[in-house]
Ligand SMILES: Nc1nc2c(ncn2[C@@H]2O[C@H](COP(=O)(O)OP(=O)(O)OP(=O)(O)O)[C@@H](O)[C@H]2O)c(=O)[nH]1
Ligand SMILES: [Mg+2]
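Numbering (full-length UniProt numbering), first residue to last: 1 to 340.
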């Protein structure tokens with residue numbers, strides 16, 4: 001992360017529409033600390049003139065529990081109108097606690113709920129989601145430990161889709177019990193971009209935005225429409241080159257769900273190429289994804305090579321920060337006025 005002058009930071013602090021105050025909530029062991037590290041290592045603000053940039057203490061902290069992060073939205077996201085008024089630069093205050101005190105809840109505008117997909121929504125996450133909803137704090141979700149789920153030998157793509165879907169459903173059931181029409185729809189969904197799929201340990205992650213951006217060009221449809229097609233009952237019939245909501249084609253043959261085909265499949269190809277025995281399988285995958293590796297990266301063992309490729313393919317911090325900036329409210333928004 002580049003260094004900031006005090007003036008630059010003051011400038012960011014002076015634009016409430018471009019501030020996000022958030023917390024990461026999770027059940028024990030689901031990945032809160034590992035995700036916090038991803039945010040800190042890729043986006044923490046450091047102050048110019050402070051030379052101690054190897055120690056964690058040099059991060060720009062407000063008190064001891066808030067870490068200031070910086071994100072500049074990519075140009076293609078600038079068309080999202082509500083984020084235009086004050087430019088593309090955002091200050092995210094990550095409240096680095098697992099505390100549930102009401103004082104802390106009051107300074108938050110949103111929360112990132114972490115779920116270990118291999119076990120589902122934990123009790124502690126459920127309790128904390130209830131607390132934030134009671135305070136009208138908006139949640140977004142990270143479905144974490146996707147690497148574990150992908151390395152599970154006998155799990156099919158469809159079974160994995162169903163596992164992911166179940167975690168999302170259980171969060172939405174909770175949210176549904178707090179439904180207040182005046183607040184808008186708090187339910188989370190991959191097609192809206194409020195769910196990030198992550199491997200915090202390996203540093204990669206994505207929302208459907210990343211994949212939709214890629215495929216919208218290929219299919220000539222706009223990104224939001226493409227996002228909707230990449231989740232749920234959507235299938236692409238390769239024979240007719242048409243999208244359908246039916247899981248079988250005209251001949252009664254099974255069609256693969258679009259999420260499995262367009263999202264899980266490219267990721268699995270990387271996993272298979274790296275974890276498999278045939279070294280020559282890696283180059284075609286790298287070419288396809290337009291990823292270049294340094295000589296040092298090439299000589300890494302499988303585990304670290306996988307991490308190196310996946311973080312270049314789908315950097316977790318970008319996906320998570322964009323989700324937070326785009327979907328969590330600012331302190332100035334009507335949502336937050338009720339609690340501040
Ligand atoms: N395979 C895998 N392991 C992960 C992932 N994220 C976290 N872990 C591991 O899971 C364990 C718990 O992760 P933490 O980040 O400490 O989780 P936490 O929610 O902060 O846990 P506590 O603070 O101890 O409750 C650690 O051993 C992490 O390395 C992931 O995406 N994939
Ligand atoms: Mg922890």
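Just so it is clear, CB atoms sit at the ideal spot from N, CA and C, and this is done for glycine as well. The model shown is predicted, which means the values in this text are computed figures rather than measured ones.
Item, Value
"Could you pull the start and end residues of the alpha helix (DSSP H) that residue 326 belongs to?", "316-327"
"Taking only the alpha-carbon atoms, compute the straight-line gap between residue 30 and residue 228 and give it to the nearest angstrom.", "28 Å"
"Just verifying my parser: in three-state terms, what is the DSSP assignment at residue 255?", "coil"
"In whole angstroms, what is the alpha-carbon distance linking residue 160 and residue 4?", "42 Å"
"As an exercise, report each continuous alpha helix (DSSP H) stretch of at least 4 residues that is fully enclosed by the stretch 261-316, in chain order.", "265-275, 282-289, 295-298, 302-313"
"What does the shell around ligand 2 hold, if a residue joins when its beta-carbon is under 6 Å from any heavy atom?", "32, 33"
"Under 7 Å: does the beta carbon of residue 244 sit that close to some heavy atom of ligand 1?", "no"
"Count the other CB atoms, across all protein chains shown, that sit within 10 Å of the CB of residue 16; report buried if there are 16 or more and exposed otherwise.", "exposed"
"Quick check: what's the CA-CA separation for residue 165 versus residue 139?", "17 Å"
"Distance, Cα to Cα, residue 173 vs residue 130?", "11 Å"
"Taking the alpha carbon of residue 276 as the point to measure from, which residue in 255, 303, 292, 145 has its own alpha carbon closest?", "303"
"For residue 240, decide whether its Cβ has a neighbour in chain C, counting only Cβ atoms nearer than 8 Å.", "No chain C is part of this structure, which consists of one protein chain only."
"Identify the residues that DSSP records as bridge partners of residue 243: which are they?", "236"
"Go through the stretch 66-150 residue by residue and report every complete run of the beta strand (DSSP E) that reaches 3 residues or more, in order.", "66-72, 89-95, 110-116, 138-144"
"For ligand 1, is there a heavy atom less than 7 Å away from the beta-carbon of residue 198?", "yes"
"Does the stretch 143-153 touch the stretch 317-328, meaning 3 or more C-beta pairs lie closer than 8 Å?", "no"
"What's the gap between the Cα of residue 88 and the Cα of residue 294?", "31 Å"
"Assuming residue 314 and residue 210 make a contact with CB atoms under 8 Å, what is their CB distance in whole Å?", "6 Å"
"From what residue to what residue does the alpha helix (DSSP H) around residue 172 run?", "157-176"
"Any contact between the stretch 113-121 and the stretch 19-28? By contact I mean 3 or more CB pairs, one from each, below 8 Å.", "yes"
"Using alpha carbons as the reference points, say which of 65, 206, 248, 33 lies closest to residue 264.", "206"
"Excluding the 5 residues flanking residue 245 on each side, which residues of the same chain have their C-beta closer than 8 Å to its C-beta?", "233, 234, 235"
"Under the rule that 16 or more other beta-carbon atoms within 10 Å means buried, what is residue 56, buried or exposed?", "Legend: pLDDT at residue 56 = 47, less than 50; position of this residue unreliable, no value from coordinates given."
"Confirm, please, whether the CB-CB distance from residue 21 to residue 104 is below 8 Å.", "no"
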